[in-house]
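Structural data, given as structure tokens:
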């Protein structure tokens, strides 16, 4: 029977990202119409895989982002993952992540 | 003549997974309508192959999951395998497995 | 002139497999209608090639199955080969073989 | 919640470029009609990633352009990035950059 | 001016094969209708190239068949070559040859 | 603002070529109709990039043509570049250049 | 201005071949109808490039044919080159050449 998922450990060079929630009200407090709120292309790294395999010897090559990093996401791609907390998680490959954000 | 299959030993980096059964009743015991019960994307590793070959020397590169691991599966892909116990088994390549679950 | 074929020696990482014959009667002896008897995805290894070439030095990398092994076949692919004994033989590449069976 | 972006650190061999603004008036001061002002294929490097990974050992291979370089851009491709300053930024891979300009 | 071809030396890992002639009469001497005589998938190796190049150092990797070997051919592919003797010759790459026959 | 381009330094294995001007009059001085003057497939190398990267160690592999070489161009491909002098420049990859001309 | 081409030096693993002229009359002197004279698939090597680059170190790997060799050409592919002498020249990559002829 499918059980509750407490923790996700991405495989290989996969990165689990929690997508940032969209800003739905302006600084002045005006609620933005839902249609104008596009997909948020930012997120926070929740978990990282051990890395891609080095084709020469099979060792893992650690990924270049770590838990807690804020990252810029591509508009498309990734695999949606649903956890119990109903937040939106996505699995990306390391090479899909566009940039780290500060 | 095709004989009964007692044990399956996946080749190379293939992983044999038994798909978790869907939860068809809510915690309160209400039976969910079949249509609402989507494909279960969780499963348990039943057997693993020796690993992909290192192109440099032909040695096997052991896979990163082992028997008993709970894993997150992609929605598509894999090869269905029927055994005598009528449970649902699927063969995936290691790189298809999205994550390990705890 | 095309001569009779006594022995087939597959090249490179090709594997010659004799497909198991379908079970056409139930244990109780009832003859199954032909349509219900799907393609048998099991077979026995009859001969193996020397292996794929190591791209680094050209040496052969021995395949991971041997004569007599029972194997699980993919539903599609492979090259049919007809020998004089009218049994069904198929040539697969090593990487196509899904699993060994016990 | 999506936060303001102060700094973008491109990943791998990605290069963040600010596209040069189009020249909309001739040297004589005549305002060019918008349609005649094509996409500007020049820009300035704002930030560079650590570089692509060396497939042999996983180390980064530093990119061949640096912050401040003026570069020639291809007409298509790249990923648009919007920052708070409303200027036009684009992320390209190193191998997409056509040339450095002096 | 195009001259007569006495000898063909295949390049790289190409193999020149003379296709076996079809058996057009049964052992009892009955002439088979032409339509029932499919393409003969057997042939004899007439000449072999020096081999594919080792990508590491450019050396040739000798092919695994030699002059005189009887081989099993795929149904499709290969390049037809006409010589003066009007026999049917075909050039295959080593990796296309399915098996050696004894 | 987009500035004038004094010098172009192609990246990686790109080669900047100035296309030779078409011969529009015969030796006898007759002006050829424009339609009969096909695209000129000759040009002169104006600038070369540092070379493609060696995938093993990231070093550049110098290209095989140099400034001033006359080269034979393929009919298609390349990226047009406009400079202030209104001459026709094109960026090709080294492997696109068909031959050097003397 | 496009100048006359005295000599062509193919780049990398390209081979310049002069296609043999078709035999348009039988040994008995009868002129063959043009339509029956197919494309001549023979030619003579006029010039060879330095060779493809070894991906490991960038060195050239000399090609396996030399000036004066008679070669068998594929029916399609190659790049036509026109020189002043109005003969038909074609540029092929080494791996396209099917065989050497004696």
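Residue numbers (this note's numbering), protein chains in the order written: chain W, 1413 to 1514; chain L, 1413 to 1514; chain R, 1413 to 1514; chain C, 1413 to 1514; chain X, 1413 to 1514; chain B, 1413 to 1514; chain F, 1413 to 1514.
Backbone N, C-alpha and C define an ideal beta-carbon position, used for all residues, glycine too.
* To do: For residue 1493(C), decide whether its Cβ has a neighbour in chain W, counting only Cβ atoms nearer than 8 Å.
  => yes
* To do: Just grab the DSSP bridge partners of residue 1459(F) for me.
  => 1428(F)
* How many angstroms separate the CA atom of residue 1480(B) from the CA atom of residue 1466(L)? -> 46 Å
* Compare the beta carbon distance of residue 1366(R) and residue 1428(L) with 8 Å and say whether it is the shorter of the two. => With chain R covering 1413 to 1514 only, the question about residue 1366(R) has no answer from this structure.
* Asked: So, is residue 1512(B) buried or exposed, given that buried needs 16 or more other C-beta atoms within 10 angstroms?
  -> buried
* Could one say the Cβ of residue 1512(C) lies closer than 8 Å to chain B's Cβ atoms, at least one of them? -> yes
* Label residue 1488(C) either buried or exposed according to how many other C-beta atoms from any shown protein chain fall within 10 Å of its C-beta, with 16 as the threshold for buried. => exposed
* **Outcome for residue 1506(W) when other beta-carbon atoms lying within 10 angstroms are tallied against a minimum of 16** => buried
* Over what stretch of residues does the beta strand (DSSP E) that includes residue 1482(R) continue unbroken? -> 1482-1484
* Cβ-based burial, residue 1432(X) [other Cβ within 10 Å; buried from 16] -> buried
* **Nearest to residue 1434(B) (by Cα), restricted to the options 1424(B), 1426(B) and 1453(B)** => 1453(B)
* **Beta-carbon contacts of residue 1416(B) that lie in its chain and below 7 Å, excluding the five residues immediately before and after** => 1496
* How big is the Cα-Cα spacing for residue 1492(B) and residue 1457(W)? -> 41 Å
* Nearest residue (CA-CA) to residue 1494(C), options 1509(C), 1430(C), 1474(C) and 1485(C) -> 1430(C)
* **Between the CA atoms of residue 1461(B) and residue 1424(B) - distance to the nearest angstrom** => 5 Å
* Neighbourhood of residue 1508(R) by C-beta, 6 Å cutoff - its chain only, sequence neighbours within 5 removed -> 1486 and 1489
* To do: Going by CA-CA distance only, name the one from 1468(X), 1470(X), 1469(X) and 1463(X) that's closest to residue 1477(X).
  => 1463(X)
* Asked: What is the DSSP secondary structure of residue 1433(B), counted as helix, strand or coil?
  -> coil
* Does the beta-carbon distance from residue 1510(F) to residue 1484(X) come in below 8 Å? -> no
* Asked: What is the rounded straight-line gap between the Cα of residue 1455(W) and the Cα of residue 1426(W)?
  -> 15 Å
* Asked: What first and last residue would you give for the beta strand (DSSP E) that runs through residue 1506(B)?
  -> Run containing residue 1506(B): none; DSSP gives neither H nor E here.
* To do: State the beta-bridge partners of residue 1423(X) as determined by DSSP.
  => BP columns for residue 1423(X) are empty, so no partner.
* Asked: Distance, Cα to Cα, residue 1468(X) vs residue 1418(L)?
  -> 45 Å
* To do: Select from 1498(R), 1482(R) and 1499(R) the residue whose C-alpha is nearest the C-alpha of residue 1414(L).
  => 1482(R)
* Quick one: Cα of residue 1473(C) to Cα of residue 1472(B), how far? -> 11 Å
* Does the beta carbon of residue 1468(W) come closer than 8 Å to any beta carbon on chain L? -> yes
* Beta-carbon contacts of residue 1499(W) that lie in its chain and below 7 Å, excluding the five residues immediately before and after -> 1430
* On the DSSP bridge assignment, give the partners of residue 1418(X) in chain order. => In DSSP, residue 1418(X) forms no bridge with anything.
* Quickly, what does DSSP pair residue 1453(F) with across the bridge? List them, please. => Per DSSP, none; premise fails for residue 1453(F).
* **Alpha carbon of residue 1470(C) to alpha carbon of residue 1501(W), nearest angstrom** => 28 Å
* Spatial neighbours of residue 1475(C) within its chain, please: CB distance less than 6 Å, with the 5 preceding and 5 following residues excluded, ordered by chain position. => 1425, 1460, 1463 and 1506
* To do: Examine chain W for any beta-carbon lying closer than 8 Å to the beta-carbon of residue 1459(L), and answer yes or no.
  => no
* To do: For residue 1429(R), go through chain L and note every residue whose CB falls closer than 8 Å to its CB, in chain order.
  => Chain L residues near residue 1429(R): none, gap ~13 Å exceeds 8 Å.
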